[in-house]
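Trainee: Questions regarding the structure given below will be posed in turn.
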Ligand SMILES: Cc1ncc(COP(=O)(O)O)c(C=O)c1O
């Protein structure tokens with residue numbers, strides 16, 4: 001139609017026309033979901049109760065986030081002004097980059113890492129600089145320190161990282177923040193609950209440190225889209241200008257207090273996942289499949305040239321896993337989320353059968 005009428009469509013910003021479009025494979029996932037590092041079971045039953053009690057009338061109102069922000073801040077021992085709830089950590093990353101990255105600035109990314117950093121960076125006029133980890137996938141601390149320049153404006157570090165599952169220490173994160181006082185150091189603690197070490201207590205102590213957390217993983221609320229930013233008030237005031245006051249919906253805000261209050265459920269889920277991880281790692285070791293030690297709810301494994309077939313055969317066996325071959329330095333590697341112990345028993349059967357089939361093909 002447009003062509004017939006010889007219509008010329010207005011063009012987007014130059015940056016946007018050069019952006020990559022990111023389509024995570026979210027379709028057809030009615031199997032055991034070991035592909036997105038989600039909670040693989042359910043959120044707390046207390047959240048279900050809140051959901052059941054939400055009235056149609058309450059949905060007619062715009063969401064009010066301040067009281068819930070105050071509650072979450074108190075829970076994390078932060079001042080309310082230091083905390084902003086976001087539409088998942090993805091929105092947190094987007095808002096932070098939009099707030100701080102200008103033309104000529106540099107964003108340092110230790111890679112491989114979470115894809116959305118690069119996606120959101122590509123919509124800014126800053127330059128993303130990848131700092132490649134070596135084959136151990138350990139945090140490339142020395143290389144990162146060496147890559148800091150006066151232009152470095154943001155350093156984004158997932159701790160633990162994805163897809164490696166590797167974590168770094170408070171000492172190294174602090175050293176980076178001190179080396180680059182002109183830059184924001186974003187520590188993305190999406191997988192904090194499976195690791196247990198945090199720097200959130202240093203927010204407001206280290207002036208350039210910002211921490212992000214999500215409720216998508218251990219809490220099992222990925223579908224509600226809720227995360228948070230914790231930052232010194234002096235930095236938060238700029239990010240609040242960019243952040244929509246409406247982006248966290250009222251259903252998520254209603255559920256969050258119940259999720260936080262149910263510490264028993266959270267503890268049970270985390271403990272079960274950590275026990276399942278140990279059992280799954282033992283199964284990988286018994287098969288002689290190379291894996292990287294993980295501090296998160298997933299394990300990266302090296303399948304090699306047969307990675308596509310591995311993913312396919314696991315899917316046929318009812319288990320979804322994620323091919324990470326396209327990530328820098330990850331050729332042949334597949335990331336497997338850890339579900340509950342019961343779920344991982346069937347995952348181990350699928351793994352054993354899949355590896356046997358692949359090894360029969362290529363002994
Ligand atoms: C390191 C990291 N940060 C953030 C996210 C996304 O979090 P959210 O669901 O809160 O947007 C993910 C999701 O996989 C992740 O791996």
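Residue numbers (our numbering): 1 to 363.
We put the beta carbon where it would ideally sit given N, CA and C, even for glycine.
Computed from a predicted structure; not experimentally measured.
#1: Among the candidates 150, 323, 157, 20, whose CA atom is the shortest distance from the CA of residue 131?
#2: Please state whether DSSP places residue 110 in a helix, a strand or coil.
#3: By alpha-carbon positions, which one of 360, 57, 257, 135 ends up nearest to residue 291?
#4: Do you know whose CA, among 228, 108, 101, lies nearest residue 78's CA?
#5: Is any heavy atom of ligand 1 found at a distance shorter than 8 angstroms from the C-beta of residue 113?
#6: Let me check you understand the geometry: is the CB of residue 355 closer than 8 angstroms to at least one non-hydrogen atom of ligand 1?
#7: Output needed for residue 234: all residues of its chain with C-beta closer than 8 angstroms, excluding positions within five of it in sequence on either side, in chain order.
#8: Tell me residue 336's beta-bridge partners as DSSP assigns them.
#9: When the Cα atoms are used, what is the spatial distance from residue 45 to residue 25?
#10: For residue 127, which beta-bridge partners are listed by DSSP?
#11: Work out the CA separation of residue 165 and residue 82 for me, nearest whole Å.
#12: Looking only at its own chain, which residues have a Cβ that is under 7 angstroms from the Cβ of residue 357, when we skip the five neighbours before and after it?
#13: Starting from the C-beta of residue 239, find all residues in its chain whose C-beta is less than 8 angstroms away, skip the five residues before and the five after it, and write them out in chain order.
#14: Does the beta carbon of residue 304 come closer than 9 angstroms to any beta carbon on chain D?
#15: Looking at the structure shown, is residue 242 part of a helix, part of a strand, or coil, going by DSSP?
#16: Just to check, is the beta-carbon of residue 339 closer than 8 angstroms to a non-hydrogen atom of ligand 1?
#17: Residue 191 to residue 37, Cα distance in whole Å?
#18: Report the rounded CA-to-CA distance for residue 127 versus residue 15, giving the unit in angstroms.
#19: Check whether the Cβ of residue 116 lies closer than 8 angstroms to any heavy atom of ligand 1, and answer yes or no.
Mentor: By the coordinates alone:
#1: In the chain shown, the residue the question calls residue 131 occupies position 131. Of 150, 323, 157, 20, the residue nearest in Cα terms is 157.
#2: If you number the chain shown from 1, residue 110 lands on position 110. Residue 110 falls in the strand class under three-state DSSP.
#3: The residue labelled residue 291 in the question sits at position 291 within the chain shown. Looking at the Cα atoms, 135 is the closest of the given residues.
#4: For the purposes of this step, residue 78 is taken as residue 78 along the chain shown, with counting starting at 1. It is 228.
#5: Residue 113 sits at position 113 when you count from the first residue of the chain shown. Yes, ligand 1 has a heavy atom inside 8 angstroms of this Cβ.
#6: The count along the chain shown starts at 1 and reaches residue 355 at position 355. No, the beta carbon of residue 355 sits no closer than 8 angstroms to any heavy atom of ligand 1.
#7: Start at 1 with the first residue of the chain shown, and residue 234 comes out as number 234. The answer, listed in chain order, is 207.
#8: What you label residue 336 is simply residue 336 of the chain shown in a count that begins at 1. Residue 336 pairs with 299.
#9: The count along the chain shown starts at 1 and reaches residue 45 at position 45. The count along the chain shown starts at 1 and reaches residue 25 at position 25. When rounded, the distance between both Cα atoms is 28 angstroms.
#10: The count along the chain shown starts at 1 and reaches residue 127 at position 127. Per DSSP, 106.
#11: The residue you call residue 82 lines up with position 82 of the chain shown. The residue you call residue 165 lines up with position 165 of the chain shown. Approximately 28 angstroms, taken between the alpha carbons.
#12: As a first step, residue 357 is located in the chain shown; it is residue number 357 there, counting from the start. Once the five neighbours on either side are set aside, the close Cβ partners of residue 357 are 313.
#13: By one-based count along the chain shown, residue 239 stands at place 239. Once the five neighbours on either side are set aside, the close Cβ partners of residue 239 are 84, 95, 96, 99, 229, 231.
#14: Chain labels in this structure do not include chain D; a single protein chain is all it has.
#15: Counted from its first residue, the chain shown places residue 242 at position 242. DSSP, reduced to helix, strand and coil, places residue 242 within a helical segment of the structure shown.
#16: Here residue 339 refers to the residue found at position 339 when the chain shown is read from its first residue. Not under cutoff, so the answer is no.
#17: Taking the chain shown and counting its residues from 1, the one referred to as residue 191 is at position 191. Taking the chain shown and counting its residues from 1, the one referred to as residue 37 is at position 37. Rounded to the nearest angstrom, the two C-alpha atoms are 9 angstroms apart.
#18: Taking the chain shown and counting its residues from 1, one reaches residue 127 at position 127. Taking the chain shown and counting its residues from 1, one reaches residue 15 at position 15. Going from the Cα of residue 127 to the Cα of residue 15 covers about 11 angstroms.
#19: Residue numbering aside, residue 116 sits at position 116 when the chain shown is read from its first letter. For ligand 1, at least one heavy atom lies less than 8 angstroms from the Cβ of residue 116.
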